[in-house]
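Notes for the one structure printed next.
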Amino acid sequence: MAFWKAPLLKSLAQWGLFAAVGLTAFGYIASGLGKPQRAEARVAAIPASQSQSIQATVDDLNAEFQRHWHNRDVQPAPTADWQTICRRMSLSLVGSGLSVEEMRYLQSLPEQQRTQQCLDRLLADERFEDYWSERLTRSFVGAEEGPFIVFRRRRFVTWIRDQLHNNRPYDQMIREMITARGLWNDQPQVNFLTVTLDSGEEEGQVDVTRLASRTSRAFLGMRIDCLQCHDDFLGNVSLGTASESREGTQQDFHQLAAFFAVARFNGLQGIADQDHTYEYQYLDADEAVAVPPKVPFQEDLVDENLPVRQQLAHWMTHPENRQSARAAVNRVWALLLGKAMTDPVDDIPLHGPLPPGMDRLADDFVAHGWNLRRLIRVIVSSDVYQRDSRAPFEVTERHEQAWALFPVTRLRPEQVAGSVIQASRVKTLDSEGSFLMQLQKLTESNDFVKRYGDSGEDEFDLDAVTITQRLLMLNGNLVSEHTKQNPVLNACTHIAMFATNDEQAVETAYLAVLNRSPSERERETFVARLADGNRRQAIEDMYWVLLNSSELGWNH
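The sequence shown begins at 10 in the numbering used here and counts up by one.
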């Protein structure tokens with residue numbers, strides 16, 4: 010008797026375990042198609058006073074743009090619907106569209122609360138810190154891996170992420186990067202300096218000219234590096250004061266570079282400050298001369314009692330040096346809207362004319378402790394951000410230049426990948442998901458970006474999509490793997506299994522992929538297709554069509 014009982018009991022136990030896992034999985038999957046669960050429990054409470062405290066700034070910003078539109082005689086586009094605004098927030102803050110789970114939760118709220126709740130959730134999400142740490146890293150140290158051993162890009166990204174997680178004031182981040190010392194592994198901010206170790210004229214030491222270039226572009230929003238080889242003869246770099254403006258000179262750039270000459274590298278200590286004089290041979294000069302450190306404008310803000318690099322850091326983040334705050338505002342604006350206030354993002358004229366709203370945002374940014382999350386809230390709450398990209402009138406270049414409608418821009422490669430992967434899951438792919446899910450997302454996203462083409466430091470490049478990129482979407486593994494029948498992972502299969510009728514199937518597919526409800530015509534077209542033939546295959550085909558639509562690849 011025992012001979013056959015043992016295998017039987019073992020078999021029953023295995024099938025029982027399989028059934029339990031299966032029921033749990035199906036319950037997890039089906040929950041995303043039904044009524045919204047208590048997903049809001051994951052989100053840290055946001056005090057109502059925080060939203061109210063930005064209203065005066067938002068009102069000032071809106072009034073400034075209203076005057077701008079009136080003076081230019083352009084009519085602004087109407088306000089976008091909540092689904093459009095929430096999708097653009099998700100794309101810019103976490104790098105992907107919203108999940109069905111998130112859309113269902115937002116639908117359960119009163120309509121007037123949806124965009125605010127969506128913003129609160131996204132800013133409290135760890136995906137925001139992950140995504141923005143990478144985007145900011147590109148502006149600080151570039152997109153390349155840099156010199157082997159002495160540069161650890163991942164450590165630097167993690168450091169930026171930690172600063173965002175702790176809501177560290179942006180000016181403190183700047184000061185730590187400029188004055189960093191120690192080993193690149195122990196003090197990750199040191200990587201801001203060591204990334205240049207393989208490009209300087211002095212072997213084994215930081216490249217002071219490259220650091221000056223990066224500093225001026227990333228932290229001042231100015232292309233002072235255009236002065237590296239010769240004086241400004243075209244009026245592209247204006248320095249001095251507003252009342253006594255002057256053209257930039259070679260000395261301006263190399264005197265800025267001289268602040269980094271004291272940052273010396275050795276393999277045991279990493280970066281440490283040592284007395285060292287920077288020398289350079291200027292154009293048409295007979296020999297190299299010692300170059301003293303000197304800032305290119307507002308010299309009165311320099312505290313000469315501080316060590317050399319601290320002088321630069323203190324000057325750069327001084328409340329009266331508005332250029333640093335303007336640069337931060339311009340970059341955050343560009344990250345949120347896909348287009349900077351100035352083109353390019355790192356070419357803000359010191360003495361103007363400045364875009365509308367820039368100084369109001371910069372003043373508020375400094376007055377409230379260089380708080381990045383507050384700056385994001387102000388911009389997202391503004392009329393400009395919440396405008397539609399379409400209008401019931403002819404849209405001209407004048408409307409686009411005046412910010413009278415939300416700019417339509419292509420998604421970045423990682424946003425395309427993130428949107429496709431998230432659209433194929435009913436639940437939100439966040440830090441609460443399984444490790445295997447997160448690993449799969451990272452692997453698939455990296456592989457897609459490698460094949461699609463990474464724009465590198467050209468963060469806001471508006472080049473058109475290439476034939477190769479379109480073919481990758483049409484025929485590549487990412488879309489095909491996420492639209493084929495898979496009852497465990499793929500949302501299109503879940504929809505076919507759990508949607509109670511064809512109308513719900515079409516509605517859910519649109520919410521998952523495009524984060525909006527289908528139009529009446531779209532609904533009728535796909536419902537008819539689902540009713541005519543193989544329903545499961547028709548849903549997979551619908552998913553494939555939506556993932557390859559132009560709408561998915563753009564921010565509107």
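The beta carbon of each residue, even a glycine, is placed where N, CA and C say it ideally should be. Since we're looking at a predicted model, the values are computed, not measured.
Chain D within 7 angstroms of residue i, Cβ atoms only
i, result
"D68", "The displayed structure is made up of one protein chain only, and chain D is not part of it."
Spatial distance of residue i from residue j (CA atoms)
i, j, result
"Q319", "V150", "20 angstroms"
"M446", "G485", "20 angstroms"
"V83", "S398", "15 angstroms"
"E392", "F74", "Looking at the sequence itself, residue 392 is Asp, so the reference to Glu does not match. Computed Cα separation, rounded: 8 angstroms."
"G309", "W324", "Looking at the sequence shown, residue 309 is not Gly but Asp. Cα to Cα, D309 sits roughly 9 angstroms from W324."
"F415", "E549", "32 angstroms"
"S247", "S489", "53 angstroms"
"T405", "A267", "47 angstroms"
"F535", "V515", "7 angstroms"
"T517", "S225", "48 angstroms"
"E529", "L539", "15 angstroms"
"F469", "G366", "20 angstroms"
"G465", "N543", "44 angstroms"
"R76", "S208", "48 angstroms"
"L487", "P496", "17 angstroms"
"R545", "T502", "7 angstroms"
"G279", "N175", "26 angstroms"
"I183", "Y461", "33 angstroms"
"Q122", "E111", "14 angstroms"
"L26", "A505", "Its pLDDT being 44, under 50, L26 is placed unreliably by the model, and nothing is read from it."
Nearest residue (CA-CA) to residue i, options the options
i, options, result
"L561", "S148, R255, Q449 and R479", "R479"
"D129", "L102, L555 and G155", "L102"
"E531", "R544, M551 and G542", "M551"
"W168", "R136, M186 and F157", "M186"
"H491", "Q513, D234, K450 and I476", "K450"
"P1", "G244, E466, G465 and C238", "Since the first residue of the chain shown is 10 and the last is 565, residue 1 is not available in this structure."
"T418", "F157, R383 and G347", "G347"
"R383", "A537, F262 and A133", "A133"
"R255", "H360, E313 and E210", "H360"
"L483", "L265, V429 and D180", "V429"
"A508", "V435, L487 and E466", "V435"
"L277", "G191, L523 and A299", "G191"
"V300", "W141, N495, Q260 and L555", "Q260"
"N564", "H79, P85, A89 and D69", "A89"
"S558", "D467, P496 and L420", "L420"
"C238", "A281, I280, R232 and Y291", "Y291"
"Q92", "Q125, T66, A86 and A72", "Q125"
"R164", "L145, N175, W193 and A152", "W193"
"C95", "L523, W553 and A537", "L523"
Residue j beta carbon less than 7 angstroms from that of residue i
i, j, result
"Q431", "S105", "yes"
"G378", "P178", "yes"
"V458", "P422", "yes"
"A297", "E288", "yes"
"T188", "A322", "yes"
"F228", "S390", "no"
"G230", "D241", "no"
"N330", "V354", "no"
"V317", "V311", "no"
"R369", "I63", "no"
"E138", "R97", "no"
"F160", "T203", "yes"
"D439", "R136", "yes"
"A349", "A343", "yes"
"Q395", "L100", "no"
"L206", "P156", "yes"
"R162", "E154", "yes"
"L520", "V67", "no"
"W141", "L118", "no"
"W78", "P87", "no"
"F262", "I233", "yes"
"D180", "T326", "yes"
Helix, strand or coil at residue i [DSSP, three-state]
i, result
"I357", "coil"
"W563", "strand"
"I55", "At I55, the pLDDT of 45 sits below 50, so the modelled position is not reliable and the matter cannot be decided from this model."
"G191", "strand"
"F444", "helix"
"G378", "coil"
"Y140", "helix"
"L243", "coil"
"F157", "coil"
"R232", "coil"
"N80", "helix"
Okay, do the stretch 199–218 and the stretch 270–284 touch, 3+ Cβ pairs below 8 angstroms being the bar? yes
Is the stretch 191–199 in contact with the stretch 240–252, if contact means three or more CB pairs nearer than 8 angstroms? no
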